[in-house]
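Colleague:
Residue numbers (the numbering used here): 2 to 296.
#1: Suppose contacts are defined by Cβ-Cβ distances below 9 Å. Is residue 257 in contact with residue 285 by that definition?
#2: Flag this pair as touching only if the stretch 101-111 and the stretch 265-277 have three or more C-beta atom pairs under 8 Å; answer yes or no.
#3: Return the CA-CA distance between residue 227 and residue 249, expressed in angstroms with no decimal places.
#4: Closest by CA to residue 212, which one among 234, 127, 140?
#5: Could you tell me the distance, in whole angstroms, from the CA atom of residue 142 to the CA atom of residue 89?
#6: Between which two residues does the beta strand (DSSP E) carrying residue 61 extend?
#7: By how many angstroms is the C-alpha of residue 104 removed from the C-alpha of residue 1?
#8: List the endpoints of the continuous beta strand (DSSP E) containing residue 1.
#9: So if DSSP puts residue 104 in a beta bridge, which residue, or which two residues, is it bridged to?
#10: Taking buried to mean at least 16 other C-beta atoms within 10 Å of its own C-beta, is residue 133 buried or exposed?
#11: If we ignore side chains and look at the alpha-carbon of each, how far apart do residue 197 and residue 172 end up?
#12: By DSSP, does residue 276 sit in helix, in strand, or in coil?
#13: If you reduce the DSSP assignment to three classes, tell me which class residue 268 lands in.
Structure (structure tokens):
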């Protein structure tokens, strides 16, 4: 009787070892799944559209590109406005202003979360690109632009069965803007004529009588660190930039440029006659130098 006991212990261990391994593997799989992005979780057998039911209601209706609409109450829905100004090469610089919404390129393809996503650009009625930030550029030849807000799962945010979007006309002689009231159909609007594009500015701009912003660029470092600068409408602003490489200084929205020669300060002077937020960047290195907030 005593000799059978030692033999039973290894047998029990052999039976329990595979079970323990399976349990450990299950725990590891759960840990790996829960360690991912929260926006990508959904129940087995469902897609992101069906899973994110607490963030709007997926409708049977689709937009012209085949994307399902995701309905939200007007109080929770995002909104978008767009302003386009011609650039010096015949194209358009478009600035998007959104409310109750932020661009989330890092979670595109995940489940829909209220107030997150990207924009789709429809040029002359055809979807042509996506926007993951407030600034986009359109080439010459475009006549109309529609900006439509999408969730991360690519459904279209909607109110009262209509997509959240804005549409504006693009004409060579006028600056166009449009806005969307979530409970109403979007309508284009064309306001006052824009200032014609200016020719690139050189380093020989005359000395200004207003404010001067001195900026240095070394590699990928901008000094002082990029920030928003408050400017009064009508104020004269000079951007004096010294870069360690050949580049081009550009002010979005004003479509002003200046050539930067390595080690030599380059300057660009403009009168702040348009209100809004305008980014100042370098073309070659793609660095944002500052943002002008003109009120």
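Every residue, glycine too, gets a C-beta built ideally from N, C-alpha and C.
A quick note: this is a predicted structure, and the numbers were derived from the prediction, not measured.
Modeller: According to the structure shown:
#1: no
#2: The stretch 101-111 makes no contact with the stretch 265-277: fewer than 3 CB pairs, one atom from each, lie closer than 8 Å.
#3: 17 Å
#4: 234
#5: 14 Å
#6: 58-63
#7: The question about residue 1 has no answer, for the chain in this structure spans 2 to 296.
#8: Here the chain has residues from 2 to 296 only, and residue 1 is not among them.
#9: 118
#10: exposed
#11: Model confidence at residue 197 stands at a pLDDT of 47, short of 50, so the residue's coordinates are unreliable; what they give is reported in the following sentence. Computed Cα separation, rounded: 12 Å.
#12: coil
#13: strand
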